[in-house]
Amino acid sequence: MLSSRGRTSSYGTRGGRWAPRGKGHHYSKPKGPPKPDIGKDPLGQHLVEYKNADLTRPSSITSPDATISNCSYVASYTWMNRENPTILVPGEPPLWKPLNKPRRLEEDKGTYYRDPNAARYPTYPTEPAVQAIFRTNKDFETAAVNIFACGSTLGNLLRFVRNDDKPYRFLVEAVGKTVFFVRKENDPKELIEDVRGFGHTFPEAYTEWPRDVQGSESHQRLVQYTFGQHNCIVRFESDGQLFSVTNHEHVQNPRSGLTPSSSESDEETLIGAFIGASVGNVSSRDGVCLRIREGGSVVPQDSIFDLKTRSNRWGEFNVDNVMPLLYIKQIPNFIIAYHDGAGTFQKDDIHVKSVEKDLQKWETDHRTELNRLSILLEKITEIALKHREPLEIYSSEKGLLQIHKQKEGGTHVLPLEWRKKWAGEGSDSDEGGGSDEGGHYTRCSADGCGYCGKC
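Put into structure tokens, the structure is as follows:
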């Protein structure tokens, strides 16, 4: 069965004891993602390239600190396990629910998508996120957003400014005043290779999908924050929530007296708006229907967690390895779970910890790299806004980043009507099925739709 639950982070396998600053014992990491295949999918015209040495600012120029502030929830959605692409808005992540008595888990098996959004909706993997935003707030102010990215694309840029040599490529396009970054693998349905351990079976055993979102596979969350002078929206997959919003059931939440990262009153308003919601409208493109339902609950940011597992035999896990991605996603909780090498996780070897203070310290300790990241984002957005066409970021070696035009017939980040809506230009279309009156609900071909009732 194809899934994305319990995905393996590119920073290493899940797990390990809590080791905020120590170095864990050596262990064999799973095989990393494949290198970009530019033979199969060639790059377009080369525009410019940057090295880390280029990412400096004259001392005479002042700029906002490269720190994150004003983080708030924007929207969320959950991919359902359906033959046709289906999302729930706002959806809900799995609930942390440890076993009362440890039992030996089966080792991971099966196949797992590297990018669940592209695998399920390959032509426009960012469209479900944009749809979720407007279904959450139909008056969302798009002009205030400078960058629309994801944990993968921003993570790649952060690795670059930190002199990591992992190769990558992703798409870039300006829509209105916003520059979109869209993840790109060699194939939309590229799989995680060499899956082993218990990084998938552990969350399946120790979390459960809330009743309203049973049959889900992946929960996607969008947060908005200011980074330096950039107003960013960042989408990421959420491993789970520590406590249930709908029944106020708190489960091993270590936090006390901490202020949520987003407005509590705003989130309560959204929760009230979505609980008990019914089936919504649908959208489509290229004859493939994106089915959108309303259901689930808005989850406060202070409940979101990331999860890793690790064998006791490998020693303590170095949490510094995951701090960059926790920082980009502003995830305030981290669960680290040890097993005995054969799949049994004792209660005392599972640790739930708030990492807010760790994130603040990491930000302070890595100010130089974050300043370089802010400058790099300025350069990329400036070029994208100037060219106003689909571009591509490509990095194949340590310390070198290139910006190319996409080859002829390149890929837009959104379909035309949604690019117009985001840019505030209006559209003659129903913007993805906004009205149920008249015509086909999905605007799909009349052959074999079997869904909207008007085909």
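Residue 263 is where the sequence shown starts when you use my numbering, and the numbers rise one by one after that. Note that the Cβ used here is the ideal one computed from N, Cα and C, for glycine as well.
Practice problem: Assess, as a yes-or-no matter, whether the region 606 to 618 is touched by the region 387 to 398 under the definition of 3 or more beta carbon pairs within less than 8 angstroms. | Solution: no
Exercise. Give the straight-line distance between the Cα atoms of N595 and F505, rounded to the nearest whole angstrom.
Key: 12 angstroms
Self-check item: Cβ pair D501, F567 closer than 8 angstroms
Solution: yes
Quiz item: Are there three or more Cβ pairs, one per stretch, closer than 8 angstroms when the region 669 to 686 is compared with the region 457 to 474?
Solution: no
Quiz item: Looking only at its own chain, which residues have a Cβ that is under 7 angstroms from the Cβ of D690, when we skip the five neighbours before and after it?
Solution: Confidence in D690 is poor, its pLDDT being 45 and thus under 50, which makes the residue's placement too unreliable to answer from.
Quiz prompt | Residue span of the alpha helix (DSSP H) that contains R634, given as start and end | solution = 629 to 649
Quiz item: Residues bridged to E435 by DSSP?
Solution: F442
Exercise. Would you give the residue range spanned by the alpha helix (DSSP H) that L587 belongs to?
Key: 585 to 591
Quiz item: Relative to the C-alpha of V444, which residue among E455, D426, F498 is closest?
Solution: F498
Practice problem: For the beta strand (DSSP E) holding W236, just list the boundary residues, first then last. | Solution: Outside the modelled stretch of the chain, which goes from 263 to 717, sits residue 236, for which no answer is possible.
Quiz item: Does the pairing of the region 399 to 416 with the region 481 to 499 give three or more beta-carbon distances under 8 angstroms?
Solution: yes
Quiz prompt | Of the residues P326, M342, K297, the one placed nearest G558, counting alpha carbons only | solution = M342
Practice problem: Evaluate T521 with the Cβ neighbour count: other Cβ atoms within 10 Å of its Cβ, from every protein chain shown; 16 or more gives buried, anything less gives exposed. | Solution: Confidence at T521 is low in this model, with a pLDDT of 30, below 50, so the placement of that residue should be treated as unreliable; the coordinate-derived value is given next. T521 comes out exposed.
Practice problem: Inspect the beta-carbon positions of Y374 and V457 and report whether they are closer than 8 angstroms. | Solution: yes
Quiz prompt | Limits of the unbroken beta strand (DSSP E) element including I655 | solution = 653 to 659
Quiz item: Would DSSP call T404 helix, strand or coil?
Solution: helix
Quiz item: Which of helix, strand or coil does DSSP assign to P352?
Solution: strand
Practice problem: Taking 8 angstroms as the threshold, find out whether the region 307 to 316 comes into contact with the region 660 to 675 through three or more Cβ pairs. | Solution: yes
Exercise. Check whether the Cβ atoms of Y430 and S331 sit closer than 8 angstroms, and answer yes or no.
Key: no
Quiz prompt | Boundaries of the beta strand (DSSP E) in which R555 is found, first to last residue | solution = 550 to 558
Exercise. Quick one: which unbroken alpha helix (DSSP H) runs of 4-plus residues sit fully inside the region 352 to 385? Chain order, please.
Key: 378 to 382
Self-check item: Neighbour-count burial assignment, A406, 16 or more Cβ in a 10 Å radius
Solution: exposed
Quiz item: Can you name the start and end residues of the alpha helix (DSSP H) that Q491 belongs to?
Solution: From DSSP, Q491 is part of no alpha helix (DSSP H); its letter is neither H nor E.
Quiz item: For P296, does the count of other Cβ atoms within 10 angstroms reach 16, so buried, or fall short, so exposed?
Solution: exposed
Quiz prompt | 8 angstroms Cβ cutoff met for C333 and V485 | solution = yes
Quiz prompt | N379 versus N580, I349, P562, residue with shortest Cα-Cα distance | solution = I349
Self-check item: Within 8 angstroms, strictly: CB atoms of A719 and R366
Solution: No answer is possible for residue 719: the residues shown for the chain start at 263 and end at 717.
Quiz item: A391 lies in the alpha helix (DSSP H); which residues open and close that run?
Solution: 389 to 398
Quiz prompt | Rounded separation between G577 and E455 - CA only | solution = 24 angstroms
Quiz item: Hey, would you say S206 sits closer than 8 angstroms to W471, going by beta carbons?
Solution: Residue numbering for the chain in the displayed model covers 263 to 717; residue 206 lies beyond these limits and cannot be assessed.
Quiz prompt | Contact set for P352: own chain, Cβ-Cβ below 6 angstroms, skip 5 residues either direction | solution = S338, F536, G558, V560
Quiz item: Would a C-beta distance cut-off of 8 angstroms place R376 and E447 closer than the cut-off?
Solution: yes
Self-check item: Pair within 8 angstroms by beta-carbon distance, V336 and I395
Solution: yes
Quiz item: Are the CB atoms of A467 and L361 nearer to each other than 8 angstroms?
Solution: yes
Self-check item: Spatial distance of Q592 from Q503 (CA atoms)
Solution: 14 angstroms
Self-check item: CB contact flag (R718, L317, <8 angstroms)
Solution: Missing from the structure shown is residue 718; the chain here goes from 263 to 717 and no further.
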